[in-house]
Structure formats: structure tokens, C-alpha cells
Amino acid sequence: MDLQTTIYLVVGATFALYIGIAIWSRAGSTSEYYAAGGGVHPVLNGMATAADWMSAASFISMAGLISNMGYGGGLFLMGWTGGYVLLACLLAPYLRKFGKFTVPQFIGDRFYSKTASTVAVICLLVASLTYIIGQMTGVGVAFSRFLGVSKEMGVYVGMAIVFTYAVFGGMKGITYTQVAQYTVLIFAYVIPAIFISLAITGNPIPQLGLGSDINGTDVPLLTRLDQVINDLGFGKYTSQLPGSTLNMFVYTMSLMIGTAGLPHVIMRFFTVPNVAAARSSAGWALVFIAILYTTAPAVAAMARMNLHGTLNSAVGVQSDPAGGLKIDSAKVKANADVFAPEASLKYEERPDWMKRWEKTGLLKFEDKNGDGRIQYYNDKTKNEDFKKKAEAAGWKGNELNVNADIIVLANPEIALLPNWVIALVAAGGLAAALSTAAGLLMAISAAISHDLVKGVFAPNISEKGELLAGKIAMACSIIVAGYLGLNPPGFAAGTVALAFGIAASSLFPAIMMGIFSKKMNKEGAMAGMLAGLFVTLFYVFAHKGIFFIKGTEYLNLIGGANSFFGITPEAFGAVGAMVNFIVAFLVDKVTKEPPEHIQHMVENVRIPRGSKPVDGAHAH
Amino acid sequence: MQYKHDAQGYWKATLGLITKVLVIWFLASFGAGILFADVLNGIHLGGYPLGFWFAHQGSIYIFIALIFWYAKKMGDIDREFDVHED
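Chains A and B supply the protein sequences, listed in that same order.
Counted the way my numbering counts, the first sequence spans residues 86 to 705.
Counted the way my numbering counts, the second sequence spans residues 26 to 111.
See the structure below:
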């Protein structure tokens, strides 16, 4: 069977599965719609959370980023997993005990203020919407690449699928669909990694393969990789840093508290039966996430090795035009000369996968020195020694541009894996994007129907009316998300920083103070949220333009790029969170303490006994 | 087992456990993975430089162990103070 037919079959079968599950698990009540009825087993909830969390970006882009960044890429690995520790011990059990449907509702009730709740709704909408644009764009790209349809068509198909299981199934449908999607995406990620780990190190477990010796030698993979890329003018793979140690520290912290503060993740912990289940479910979520996140660094390093090896035969690890990966142990052991004229790959002899990716424009070759061979190296290095060597070899600049996203998508093709594996990767990428989009849409629609319509505008709405409002809000959000996916405002990549920045600087501190400080009052919480949000937006917009409009950057005003101790705008959420905490405590000190019944409520939230099934009744 | 009905004691025990969890969380990631990574890279774990291993693998394993350990210990504290769910 040819590749395209296999892809249609595998992707079609997975979609039929998702829609079947959605029909089987239709939501009947608001409790089922918002919280899946509150009876989801912690292990299943962990899987659903993992699918919710791991987006197209985790599935497709992360390994590529790590591959380019080396050691510094660890900030994504630690940041996007460490947040679950915070979630497990600081937020999830207490929010589950609180027993309501949404994050803004907690903030509104705890700080006895509809204004606080509305501020939280706005933060939630901005964080979730910016995040969803990337998902819908990802859906479009994945569909067009794999199904051979236009990008627009891809987005429409994606919208229709998400619409079916999100609108009819609500949280219940989404939860069980996500369990299926998790299974698809994890197999799609791990299977190619196992094949490649076997080919390079002989170890079938990629996590161990990354620390093993290259097949037939006693040279560890990482040692060889350090050597090779150092020879080609790059920093050492195992120690190169993004900016400074301080920036890496703050960046990691921002991702951690941003993860813990993202509403679509927090919401998942309202679906488990009780407080103890909320604690262990965070652990299960991390187990399922970690399967992908500990495989990613192996995929990253091995793909980098293979790419350099294919382009430069002195490396000693290359994809063989005849099939599979070939290892030349003599060259690996001897650290052969990468500058040898015959080492660089002849353009005419490039493997088929490179030809295919050239067509997409994600891989580009330009013969700068006219020798018909591909020289791929770091021509921006400051190392004078290296520059002299490259000049002596007649290299006139780097000749190949490789988009980082290729790393995961082309991996099975590079190792010449069977068609069904490539089809599975296609289905996995789509599952990752669709499941995250569904989770985000759920958070958005719950905030609109539950916190705005029922909480503010029509408190007396019936359960049926609220359910209908929820479905209408969901349908509208899908249309808005689809529109933004088709017409991405041109800043899609930069906005993930904003989503995390907002979650980290406004929502996370507010929830935490709501639980751990009995005396925190509404004035403090609101001042804190607004201050944290403002400082973060101010810094991000200074770099990327006001609301990301080109030409409105005001870097001079803050004294140049990354002026705050060299911290990049993506990493600024942690600073915003500090500002939030400090402002909240200062304002709290000079205003009167919260009413008695709120302090009782906080005491009650801290104790697990008597956790009721979640219901959405508003306190006011 | 002797049950204690003591909301303040319960909260103190909880905060004590959370502090321990957060100290280990911090040391495994920000400590071993970032601040002391350079020093630890002098030590090797198989083919891994140790600091690199913590940043790319080790901290994640520790996070998982940490959450389950926390969930178990919290369950013990719940029962000790008789506030566990029925």
C-alpha cells in the first residue's frame, strides 16, 4: 500500500474512534459538561491531562528546539514538568476541595468580588486564546502536510472534528477522547525513537540510549556529539546556555509557575472524585507526560547526530541511501577531520528525505562556494581558530538551512521506517493539536458561560439554559479559534510566551495566596494581579510591540533589549509573579482584612474531609 | 491510632511536608540542573555528564517520585488528624 493511502487509513480510523467515544460519553448535566460528572479515575484523568497538556508544540517542535539548544533546551523539559509538582502540592487538592467548576469562580468566591472574578476571566481568555491560535495553525499545517489538502481545508476539518466531540460531549466527551488521543500520540512519538536509538546505540530504550556508547565503539553518544558540533563551530551540546545562567533560571521558573497556573490544566483536576485523587492524579499526569518528555532529549540528540553525520561523512553516523543508519566506527573513534574536502555530502547524492523536505521549503540548500557539496556549520561563531580552519578549507558560509520542526516529523523517514510508522506520526501530531485545542476551548467556554453569563449577567439562569449557553459559547469559540488559525495575526510564535507570562504573573499567585494566606483580602489580590499582569505586558510589549503590532516596540524606554538583568521577554513571567506577590502583601497590609466567613471558607478548603461532588453554585 | 482533632496542627504538618517537597524540587531542578550543573558535569553517569543528565532527565524522574511521595505522606497526615475522606 502506498504511503498516502496508509496515512488516510490510520488518521481516518483514529478520527472514527474519537467521534465514537464522544457519542458514547455525551454530557447530560452541567456537572458532566464542566467536570465530567466528577468521577474520572485518577489514572485516566492523568492520561487526559497529559493529552491536554502536550500540544502540537510539544509533539512537533520541542525536540527540534532542544536539538538546536542542547543543554539549554533543558529549561523546557524542567519547566514544563516541574510545574506539576507545584500543581500537586499547592493548587490541585485545594481547588478540588473548593469543589466548583472554574478558576475565575474560585478567585471570585475567595476574594468575595465579582470584579476579581472578571479580572480572572480576562486573564484566562487572553492566555487561552493566544495559546489556541498556535494549535489551530498547527492543525492546518499537519492536515495539509499529511492529507494533501490545502491549509484552509485542514483548519475546517479540524474545527469540525473538535466541534463534534467538544460541543456534544463537554468535559466528559473531551476527557475520554483525550485518553484515546494520548494513546495515539505517545505510540507515535516513542516508536520511531526506539528504532533510532537501536540503530545508533543498540539500546531499545531511548532514555538509556542517550547515555550509551555509539554502536561498535566505546565512545559515548554525547561525547561524540560534543566533539562533532564543536569541530563545526557550535557550542558544546552538553553545556551551551541560552543567554545566561540567570536567564535560564528565570525562564525555567516562568514555565513552571505558568504551567501550574494555566486554567485548562487546573480544570482537569475538578473531574476527579476527591481530594486524594487530585493529589495522585497530578502524579499520574506527570508519569504520562514524562514518557514523552524524557524521550524528547534522546530524539533531539540522535537526530542532531544523524543530521550532521549525513551531511559530513567524517562524523561516522549517517543515514544510508540503501536503508537505515550506518555507523563507521573507525571515524567515530578517530574523531576524523570534518574539513576534509571529500567529507561534505555531494548535493547530487543527498538522500530522498532531504529531497522531500526541500519541496516544503523547510530545508534549503545554497551552494555558496560552488563545489557542489553541502557545508553545514556555524558561520556565526566568534572562535578565530575555527574561522581560519573553515577559510582554509574553502568554506564560504553555512549552506544549509534546516527548520527545527523537521526533526520529529522527518525522523521516521530518515531512519527509513515502514509506512505505517510515518502514518502513525501523522495521526499523533493531529491528536496532540486537537486534544489541546479541545481542552483550551473547554476552559474558554466555561469561563464565558459559567463565570460571565451565570456569574455576572444572568445569575438565575436554569441548568438547561446554562448548558445551552455553554454549547453556544463553545461553538463561537471554535469559530473564533478557526478564524485566528486561518488568519494568524503574524505573532503566533511569540504569543506562547504571553500565555505563560499571564498565567504565571496573574493567576498562579492569586490562587496560591487565596489558599495559603487566610488574611489576603480582595484589594490585595486584585492589586497584585493587575500589577503582575501590567509589568509582564509592559516588558513583553517593549520587545514585541504593543499588542504585537510591528513598529510599536519601545525598547529605548526600558533601556534596550533584555535590559532587566539580561532576562528575555519569554522568561519574564516569574518576575511578574514576584511583583504580584509583593504588591498584594503591601496593599493587604494597609486595607482591612477579609470577612469572617471567607476566613472560615479558607480553613475549610484546607481540610480534605467532606469534599463534595463538584457543583457550580455561585456564592453570591 | 490516636486521632487528633486539631486544625492548626494539621495545617502545620501540611506546610512542613510541602516545604520538604519544595526544597527537593528546587535542589533537583534549579540546583543540580542549573546552578551546579557545571560542577556536576565533571562527574559522569554512564555516558551522561551529571549536570546535563539532571537538566534533561533526572529532574523529571525526581519530580514524579516527589509527587507520589507527597500524595502518600499527605494521606498519612490526613488519617493522623482524622480529616481524611470517608
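Ideal Cβ placement from N, Cα and C applies to all residues, glycine included.
Note that the C-beta distance between L42/B and I87/B is not below 8 Å. Of all alpha-carbon atoms in A425/A, V625/A and L447/A, the one lying nearest the alpha-carbon of I643/A is that of V625/A. Looking at the DSSP output, S366/A sits in no beta bridge, so it has no partner there. For F88/B, the closest Cβ of chain A is nearer than 8 Å.
Taking C-alpha positions only, M663/A is separated from I92/A by approximately 48 Å.
For the pair G223/A and A518/A, the CB atoms are nearer than the 8 Å cut-off. Between A656/A and V335/A, the beta carbon gap of about 5 Å places them in contact (Cβ cut-off 8 Å). Separation of the CB atoms of I92/B and L371/A is rounded to 6 Å, and the pair is thereby assigned contact status at 8 Å.
The alpha-carbon of T39/B is positioned some 7 Å away from that of M99/B.
For L91/B, the nearest CB of chain A lies under 8 Å from its own CB, placing it at the interface with that chain. Between the stretch 99–106 of chain A and the stretch 190–202 of chain A there are fewer than three C-beta pairs closer than 8 Å, too few to call the two in contact. DSSP places S152/A in the uninterrupted alpha helix (DSSP H) bounded by M147 to M154.
One finds D103, D107, V108, H109, E110 and D111 in chain B with Cβ atoms closer than 9 Å to the Cβ of R694/A, taken in chain order.
At a cut-off of 8 Å between beta-carbon atoms, R181/A makes no contact with chain B. The Cβ neighbour count for K607/A, taken over all protein chains shown within 10 Å, is at least 16; the residue is labelled buried.
Contact of G41/B with chain A is not assigned, every C-beta pair being separated by 8 Å or more. With contacts defined as CB atoms closer than 8 Å, L331/A and F650/A qualify as a contacting pair.
Legend: CB atoms of the stretch 63–79 of chain B lying less than 9 Å from CB atoms of chain A belong to residues D63, N66, H69, L70, G71, G72, Y73, P74, G76, F77, W78 and F79. Chain A places a beta carbon closer than 8 Å to that of A96/B, counting this residue as a contact. Minimum Cα-Cα distance from I692/A among the listed residues V360/A, G550/A and W369/A corresponds to V360/A.
For E688/A, the C-beta contacts it makes with chain B under 9 Å involve A32 and W36, in order along the chain. The C-beta distance from V206/A to A532/A rounds to 5 Å, short enough to fall under 8 Å.
Taken in chain order, the members of the stretch 354–374 of chain A whose beta-carbon sits within less than 7 Å of a beta-carbon on chain B are N359, V360, A361, R364, S365, A367, G368, L371 and V372.
At the C-beta level, C208/A and S534/A stay beyond 8 Å of one another. Counting only runs that start and end inside the stretch 417–490 of chain A, the alpha helix (DSSP H) elements of at least 4 residues fall at 437–445 and 469–477.
For the stretch 373–400 of chain A, the beta-carbon criterion of a distance under 8 Å to any beta-carbon of chain B is satisfied by A375, Y378, T379 and P382. Around the beta-carbon of V350/A, 16 or more other beta-carbon atoms lie within 10 Å, marking it buried. For the options V242/A, P127/A and L172/A, the alpha carbon positioned closest to that of F100/A is the one of V242/A.
Positions of the alpha helix (DSSP H) runs, each at least 4 residues long and wholly inside the stretch 581–652 of chain A, are given as 593–601 and 607–629 in order along the chain.
Going by DSSP, I412/A is part of the beta strand (DSSP E) stretching over L410 to I412. Here the alpha carbon of G446/A sits roughly 36 Å from the alpha carbon of G72/B. Within the DSSP bridge table, the entry for L70/B names Y73/B as partners.
For D298/A, the closest Cβ of chain B is nearer than 8 Å. With respect to the C-alpha of A142/A, the residue from A381/A, T90/A and K236/A having the closest C-alpha is A381/A. The beta carbon of C208/A sits no closer than 8 Å to any beta carbon of chain B.
In this structure, I563/A sits near M244/A, with a CB-CB distance shorter than 8 Å.
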